[in-house]
C-alpha cells in the first residue's frame, strides 16, 4: 500500500487534488481509499442518545452501523490509526492529516502557507499556487486539474508504507481551533443544544496587533505599555548589527533569566536573501520566559512578536497558550498571514486583534486603551 497526505488551508485546492487523484488512480486500475481528518473538537458521527453510543460506552473495541445505503465503522480516536494497514486498497490518500510521517503534498495560495507546512516528507506542491509558479524552492508545483496525471505518476513512484506508521508530536491546544464554522452556527442554535467548541461567553482580555511589515506595530505596542504605566514582563524580538549592518534578530527577555541570560539569537542572515532560523531559542529562553511570567498575574505581559519561526517550537506554543489562560493582560504582535499557530492565537475568544495601518496607527492608541480598560476592570 502506498500512502500520501494532502494538506493546506481552506480553499487551497486540497479536495480538488484528492478527487482528481482518485479518478486518475481508478482509471489505472488501482484500488483507492481516502481518510479525511476533521479538526473540530466537537465532531462525531455518533450521538450520546444513540444505541451505538451505549455500545461504545460499554467497552466495545469496534462498533458498526449497518444501513441500507452504507455501513459505517466507529473506532475510538486513539485506535483510529491502527486500521490503515488492514484496508484493502493499493493507494490510501489522507486529506488534512498532519500527524503521520508519510509523503506529503502541500496545497497553498501563497509561499508562506507552503513554508508553514513544509516537512522532510514533502514531495510536491499543488493547488492554487500553480496559477502563479511552476516550481517552489526545488519542488514542482502541480496544477490540481491540468496536471493531475503527472501528480499520479509521482504517487506511483512512492515506496510502500512501512507499518506501524511514524507520528510527529502535535500541539493539542492549537489543534482545538477548527475551521468548520461551528462558532458561527452557535448563533443559529438559540434554544437548542449549542456547540461548545468556541465558547462565546468568554470576555476579551488580550490585545494583539497585526499589519504589514514596518507599519509600526511594535512602536504602537510600546506606546500602549507606556500609557498603562506598568513595568512590562515578557520578551521582545530585536535586530542585532555587526559593523552597522543588520545581521539578524535576537530574543530579549524583559525579566532576568539567569541560566539562559536575557538574550539569544532567533535568526541569522548568512548571505543576501539567505538566513537560518533558530527555533531552539523559543524552546529554551522563550519557553522559560513565558513560564516565569505566568506566575506574575499583576504584570502586563509583552509578546513581541509571534510568527512562523515558532512553528517548530511546540514547547513554546504550549507555554504561550498557558500564559493566555492566566489573569495577566497580554499585549503582543502577530506577524500577518504566518500560519496555523498565529491563527489559533487570533481566534481565541479572549483575544482581540487590531490591524495597524497608515491611516489608523495614530488614532488606534486611544481605541485600544479604552478596550483594555473595559475588559480589565482593575485599570479603572
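Numbering (the numbering used here), first residue to last: 125 to 504.
A virtual CB, placed ideally from N, CA and C, is assigned to each residue, including glycine.
Values in this document were obtained by computation on a predicted structure and should not be read as measured data.
Residue i versus the options, residue with shortest Cα-Cα distance
i: residue 186; options: 366, 414, 330 and 207; result: 207
i: residue 397; options: 254, 261 and 247; result: 261
i: residue 426; options: 342, 490, 175 and 492; result: 342
i: residue 369; options: 378, 352, 393 and 354; result: 393
i: residue 160; options: 282, 142, 154 and 152; result: 142
i: residue 163; options: 215, 235, 182 and 223; result: 223
i: residue 279; options: 442, 389 and 129; result: 129
i: residue 135; options: 250, 488, 265 and 338; result: 250
i: residue 271; options: 443, 252 and 288; result: 252
i: residue 285; options: 259, 245 and 346; result: 245
i: residue 265; options: 281, 282 and 247; result: 247
i: residue 156; options: 168, 218, 268 and 178; result: 218
i: residue 258; options: 220, 200, 235 and 240; result: 235
i: residue 151; options: 273, 338, 174 and 188; result: 273
i: residue 446; options: 428, 421, 431 and 188; result: 421
i: residue 409; options: 395, 400 and 441; result: 441
i: residue 263; options: 242, 470 and 373; result: 242
Pairwise C-alpha distance: residue j and residue i
i: residue 453; j: residue 413; result: 15 Å
i: residue 438; j: residue 468; result: 13 Å
i: residue 407; j: residue 227; result: 27 Å
i: residue 365; j: residue 375; result: 14 Å
i: residue 196; j: residue 145; result: 24 Å
i: residue 172; j: residue 277; result: 45 Å
i: residue 391; j: residue 459; result: 15 Å
i: residue 132; j: residue 233; result: 9 Å
i: residue 211; j: residue 126; result: 11 Å
i: residue 478; j: residue 148; result: 46 Å
i: residue 332; j: residue 482; result: 17 Å
i: residue 404; j: residue 387; result: 13 Å
i: residue 464; j: residue 139; result: 19 Å
i: residue 350; j: residue 329; result: 18 Å
i: residue 487; j: residue 356; result: 23 Å
i: residue 371; j: residue 345; result: 24 Å
i: residue 169; j: residue 480; result: 42 Å
i: residue 192; j: residue 291; result: 36 Å
i: residue 237; j: residue 221; result: 16 Å
i: residue 215; j: residue 283; result: 11 Å
i: residue 431; j: residue 492; result: 22 Å
i: residue 443; j: residue 153; result: 49 Å
i: residue 495; j: residue 484; result: 16 Å
i: residue 358; j: residue 348; result: 15 Å
i: residue 239; j: residue 433; result: 10 Å
i: residue 199; j: residue 401; result: 40 Å
One or two residues paired with residue i in a DSSP bridge
i: residue 250; result: 231 and 266
i: residue 137; result: Residue 137 pairs with nothing; no bridge assigned.
i: residue 395; result: 398
i: residue 126; result: 215
i: residue 224; result: 291
i: residue 390; result: Bridge partners of residue 390: none, in fact.
i: residue 160; result: 219
i: residue 491; result: DSSP, once it has assigned bridges, lists no residue as partnering residue 491.
Three-state class that DSSP yields for residue i in the structure shown
i: residue 277; result: helix
i: residue 377; result: strand
i: residue 208; result: helix
i: residue 474; result: coil
i: residue 215; result: strand
i: residue 410; result: helix
i: residue 329; result: coil
i: residue 342; result: helix
i: residue 446; result: helix
i: residue 255; result: helix
i: residue 419; result: coil
i: residue 289; result: coil
i: residue 322; result: Only weak support exists for where residue 322 lies, its pLDDT of 36 falling under 50; the coordinates are left without a value.
i: residue 438; result: helix
i: residue 360; result: strand
i: residue 365; result: strand
i: residue 238; result: helix
i: residue 351; result: helix
i: residue 191; result: coil
i: residue 432; result: helix
i: residue 372; result: strand
inquiry  = With a threshold of 8 Å, are at least 3 pairs of Cβ atoms found where one atom belongs to the stretch 439-454 and the other to the stretch 404-418?
reply    = Touching, per the Cβ criterion.
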